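See structure below.
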Amino acid sequence: MVKVKKNKKFMSKNQNGKENGYVIPIVDVKDDFPEEDRFPHQVYLTVVAPGEIKGPHHHKIRYAMYTCIKGNIKIVVKNSDSYEIYYSGEDHDYATVWVEKGYPTALINLEKERESMIINTPNPSFRECPNDEHEVDFDPRYLTREIR
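Using this note's numbering, the letters of the sequence shown correspond one by one to residues 98 to 245.
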């Protein structure tokens, strides 16, 4: 099971009313995303080198919730009989993609010349369940980088 939530960018202004950046809310208890019993136990940054792939692997205990904040990524999730593809990053509304435990996943950096940075907010944390990263076979056709 996978859920996706687009994240709206809010422009911020300095004391003189000039735009000085932006804020992108990723997790808010008021959104009911994810449900309260699946709320994150940890926040960490994953960096994927240009054109590289993290995974594929799956977690038997831990849920994952990915939000690409720099660059663009393709997230490939393997179901029992098919593959689903999701995107997050600068060109994809900084979407947050929540992946149920037990679903094998690969994170693919779509950028040719720069790193992609992903905030992962899992439950439970990787310190709460060490050794919960399990390798899995993936059809190589779904691990294409589609470099821009």
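Ideal Cβ positions, reconstructed from N, Cα and C, are used throughout, including at glycine. Predicted model only: the values in this text are computed from it and were never measured.
Minimum Cα-Cα distance from Y163 among the listed residues F107, K209, I205, E225 corresponds to I205. Taking a C-beta distance under 7 Å as the contact criterion, Y191 and N111 do not qualify as a contact pair. Distances from the alpha-carbon of K106 to those of I121, G114, K100 put I121 closest.
Counting only residues of its own chain and dropping the five nearest sequence neighbours on each side, V140 has a CB closer than 6 Å to the CB of T218. Note on S213: 16 or more other CB atoms within 10 angstroms of its CB, so buried under the neighbour-count rule. Distance check between H156 and each of E225, E210, E149, L240 places E225 closest, using alpha-carbon atoms only. In the structure shown, the three-state DSSP call for E133 is helix. Here S222 is not near H154, since their CB atoms are 7 Å or more apart. Secondary structure note for P153: its beta strand (DSSP E) is the uninterrupted segment 150 to 155. The beta carbon of I170 lies closer than 8 Å to those of V145, Y163, Y184, S185, G186, L204, I205, N206, L207, S213, I215 in the same chain, with the five residues before and after it left out.
A check of alpha carbon separations from E181 across K167, I166, T202 identifies T202 as the nearest.
Unbroken beta strand (DSSP E) stretches of 3 residues or longer found wholly inside the stretch 168 to 236: 169 to 175, 180 to 186, 193 to 196, 202 to 206, 213 to 217, given in chain order.
Classified as exposed, V126 has fewer than 16 neighbouring CB atoms from the shown chains inside 10 Å of its CB. Per DSSP, reduced to three states, the secondary structure at V126 is helical.
Bridge pairing for K110: E116 [DSSP].
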